[in-house]
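If you're matching positions, the sequence shown starts at 956 in this note's numbering and goes up one per residue.
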Amino acid sequence: MRLPTWIAQHLAALRAVLVFTMLLGLVYPLALVAVGQLPGLHHKADGSLITLGGTTVGSSLIGQSFTDADGNPVARYFQSRPSAAGDGYDPTSTSASNLGPESVVDTIATDPEESSESLLTQVCERSRAVGELNGVDGRRPYCTDDGVGAVLAVFRADGLTGPVTRVVSVNQTAPATPFVSSYEGVPVELAKPGEDYVAAGGLVTPIRGDAPADPAVPADAVTASGSGLDPQISPAYAELQVDRVARERGADPAAVRKLVDAHTTGRALGFMGEPGVNVLELNIALDEQFPAR
């Protein structure tokens, strides 16, 4: 007896669902797991974890901080690049900061919890800190000496034109000193929490300052990667840290530099990306060859 057409169609659809569920929901995933356990792939498939003395210390694919309990950099270690993933290098919150080149004005609210730093101030702050840590000039163009964005809100008599009537350093508050005392003859004021000087008609005016055109602190030392998980730094940032690490460990800088070279990888396929230094692997090698005093 032939089944009615509509029943036959539903049975065919049911068989198709069962077959594809088995193939794509069970067989295919298990096949990938099996392939991942083949020699040469096992380590990568399991997350490229690095284990020392039976303890997992991290992954060669995910960056991490080398700081003390208060969040201060541990001077005997090479430091990673900044991270915008969660509280830092959080694989469950991988993301960028979503701040771009036009993010130059801080939000200074009356409630500190509602305040936020612009990308420019974050870069200035990081560059100043990296410079102090490594004993180099941390100044950058468009940054103040106290590590915030050197940006003025300039008010003019006719809006966009006319004489300047008022000038505010929008990223500095009391008790700071304005990074310039005057602009076009008008004294510069400090910003007050809760005030929106851009909405009030102030023209955003970044001031370059006298910082060198080519900063001593490389870009990857002050900006987070797109994922926030980058485990590598540029050879330039590693070189910047060599003398400090060698001094803290009582080692020859040339020997530390040789170790950096050994942990520097080139461009993928010889032409894609940039050379990089894996910070975790380098610091592990440092502890093995030059134990901290």
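Every residue gets a Cβ at the ideal spot worked out from N, C-alpha and C, and that includes glycine.
Keep in mind it's a predicted model, so treat the numbers as computed, not measured.
Length of the line joining the Cα atoms of residue i and residue j
i	j	result
A986	A1084	49 Å
A968	V974	10 Å
D1101	P1067	19 Å
F1226	L978	39 Å
G1164	Q1077	17 Å
D1045	S1124	35 Å
A1105	I1162	6 Å
G1157	T1120	10 Å
A1131	V1103	11 Å
L981	R1202	56 Å
E1249	D1113	The question about residue 1249 has no answer here: the residues shown for the chain are numbered 956 through 1248.
According to DSSP, residues forming a beta bridge with residue i
i	result
L1007	T1010
I1188	V1232
E1144	V1123
D1113	T1116
G1104	C1098
Proximity below 8 Å, CB of residue i to CB of residue j
i	j	result
S1082	P1190	no
P1096	A1146	no
Q1187	V1234	yes
V1029	F1021	yes
V1060	V1141	no
V1172	G1086	yes
G944	S1050	Residue 944 is absent from the model: the chain starts at 956 and stops at 1248.
Y1138	L1107	yes
A1240	H1218	yes
A1064	G1149	yes
L1074	S1058	yes
D1185	G1018	yes
Assumed close pair residue i, residue j - CB separation to whole angstroms, cut-off 8 Å
i	j	result
A1267	S1038	Nothing can be reported for residue 1267, as the shown portion of the chain is limited to 956 through 1248.
**OP:** Inspect the CB distances between the region 1187-1198 and the region 1211-1220 and report whether three or more fall short of 8 Å.
**Re:** yes
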